[in-house]
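To start, the structure itself, in structure tokens.
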Amino acid sequence: MILIVDDTTEHIFSLQQLLASKGFKVDTALSGEEALKKTLTNNYALIILDVQMPGMDGFEVASHLADCNKTKNIPIIFLSADHRDKRFITHSYFSGGIDYVTKPINEDLLLLKVKTFYRMYEQTLALNETQQNLRAEIESRKTAQLLLLEKADHLRLILESLPQIAFTVNQNGKIDFVNDNWFLFAASKNDFPACHPDDPLIDQVLRAHILEKSAIKMEVRIKPLNAELYRYHLLRMVPIIEKDEITHWVGTFTDIDDQKQIEQKKDEFLSIASHELKTPLTSMRGYVQLLKRSLHDSPNTVAHKYVDRVQTQLDKLSALIADLLDISKIDHGKLKISHRPFDLDHLIDTVIETIDHTHERKALKIERVGQRLHTLIMGDEMRIEQVLVNFMTNALKYGPDSDRIIIHTEIDDQEVKVSVQDFGIGIPVQNQAPIFDKFYRVEETSVRFQGLGLGLYICAEIIQQHKGQYGMKSQLGEGTTFYFTLPLN
Ligand code: ADP
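Going by the working numbering, the first residue of the sequence shown is number 617, and it counts up by one from there.
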């Protein structure tokens, strides 16, 4: 808004008309005193100030304006009757923009000056705003930086107090912080502790994971400085990702050597025990067979019934021992898979038929749906049979009240997928991730159903060795589908 200050109403009126016709907003004051009052409450972009006024003249008004912070930068155009006034104008008022127009007023000249000052005013406003935004931006960045530093300090404090070896790595894979425990295993802060020669190099693993942006979880053997023996450690490195970019990694080495030793001893014990049990069990099964044959002539006797029961229990026992022996083979890398062509379709039909004949649930229907393969595939027929039997016996075992199992087969260019769907108890979501782990059983149902938690672990190993995939989907109370795939080439 522009303020016109003049003691003559006609002058004010004509100026007001002129400026309003060009789209300017205008305010007026008939004396210096009134003008000063108005400048305190309103914001003006420009003041057009008559020099000669009764009472307070234009120069006096200007000098008051110059003394006040709020008004000192408002540009002024003096309206002067005399050229000589120019001297006073420049003397008395320096702060804001300043100019003058002599009377009688040349309207074009005045308009030109008004426009110039007005543009200057607008630019100053815009500049002030930009400056203010810039200041706010700087402030917010400073606060963010401070917050980040605080967070980093907090993180370091936590890492310092951990009993593990803890460290952080920047986005380029360079170690930038290590806690004191680091120096029990590494001579320098810049390099990872040296690993056992058979273990992968941590640097290389990290490079691969930086590209994948995925966490690292691996067992490595590292040696305390000056010690002879390596100790197993679990190395975990988690990327901290912000706006889809890794900012850094937080890592720990946890000593799991004692746990590893106990596990090894347990595995050894299981391996020895199952081997030792196998021989007497085989001969017991042989004698039971003989006994059965000798009772052949009297099939309905009580003795015959008892021998049948003994045989069922011995079969269960030998299945358990077979599982334990498989585990021992897997642990020692000795689970050998043969690769010969076999007819998967036929195998599926045979397994369905066998299970159909052996279970005792009259209402149970095993259905087969999906595509047929019509070609042979490469693999270990007996081991794939083991997987199928395992999935199906589990479907029976964990669906005691359901009367339906469906075997699906799907085929594409790359692979064949076999799924076993049951309508049994299902598996709670929180128990699904470790379901293929060694000795894992769902605790809530483990009392109700017998088992060791080895079957699925062995299945997973067999499928892995065939370069296939495996998995499951389940809904608690609705049922479960276990599947595996086998590559066609
Ligand atoms: P086991 O049956 O001897 O316990 P498995 O390795 O075959 O061992 O299975 C591991 C666990 O997975 C089982 O204890 C059970 O809790 C769960 N499970 C396996 N199959 C099913 C299924 N079809 N429905 C529900 N739970 C299942």
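Each residue gets a CB set at the ideal place from its N, CA and C atoms; glycine is no exception.
Between Tyr-1099 and Lys-1033, the gap from beta carbon to beta carbon is short of 8 angstroms. Take Gly-1071, set aside five residues on each side of it, and the residues of its chain with a beta-carbon closer than 7 angstroms to its own are Asp-939, Asn-1006 and Asn-1010, in chain order. Taken in chain order, the complete beta strand (DSSP E) segments of 3 residues or longer contained in the segment 980-1024 are 981-986 and 993-995.
CA-to-CA, the gap between Asp-996 and Ala-979 works out to about 33 angstroms. Our two residues, Leu-817 and Cys-811, have alpha carbons roughly 7 angstroms apart in a direct line. If only uninterrupted alpha helix (DSSP H) runs of at least 4 residues are considered, those enclosed by the segment 892-977 are 918-947 and 960-974. Sorting Phe-629, Asp-1019, Pro-1050 and Glu-1031 by C-alpha distance to the C-alpha of Gln-1037 places Asp-1019 at the top. Taking C-beta atoms as the reference points, Ile-971 and Ile-982 count as a pair closer than 8 angstroms.
Leaving aside the five residues that flank Thr-917 on each side, the residues in its chain whose CB is nearer than 8 angstroms to its CB run, in chain order, Leu-911. Residues Tyr-1086 and Phe-1100 of the same chain have their beta carbon placed closer than 6 angstroms to that of Ile-1079, with the five preceding and five following residues left out of the count.
Inclusion of Arg-1057 in the 7 angstroms shell around the ligand ADP follows from its C-beta lying nearer than that to a non-hydrogen atom of the ligand.
When the alpha-carbon of Leu-741 is set against those of Pro-779, Tyr-660, Pro-1103 and Leu-728, the nearest one is in Tyr-660. Taking the CA atoms as reference points, Ser-804 sits about 33 angstroms from Gln-880.
Closest option to Ile-721, judged by alpha-carbon separation, among Ala-889, Leu-695 and Thr-966: Leu-695. Beta-carbon to beta-carbon, Leu-1104 and Gln-1030 are separated by about 6 angstroms, close enough to satisfy the 8 angstroms threshold. If you look at Ser-630, you'll find it in the alpha helix (DSSP H) that goes 625-637. Per DSSP, the unbroken alpha helix (DSSP H) holding Ser-777 starts and ends at 723-777. For Phe-694, there is no enclosing alpha helix (DSSP H); the enclosing beta strand (DSSP E) covers residues 692-696. Per DSSP, the continuous beta strand (DSSP E) segment holding Arg-847 begins and ends at 847-858. Met-853 and Leu-841 have their C-alpha atoms spaced approximately 22 angstroms apart. Look at Asp-1017: its beta carbon is at least 7 angstroms from all of the heavy atoms in the ligand ADP. Counting the other Cβ atoms within 10 Å of the Cβ of Ser-1090 gives 16 or more, which makes it buried. When the Cα atoms are used, Gln-927 and Gly-1040 turn out to be separated by approximately 28 angstroms.
With respect to the 8 angstroms criterion, Ala-645 and Gln-668 are not classified as neighbours on the basis of their beta carbons. Looking only at Glu-649, Val-821, Asp-942 and Pro-1016, the smallest Cα-Cα distance to Glu-976 is reached by Pro-1016.
In terms of Cα proximity to Asn-797, the closest of Glu-626, Gly-867, Val-904 and Lys-859 is Gly-867.
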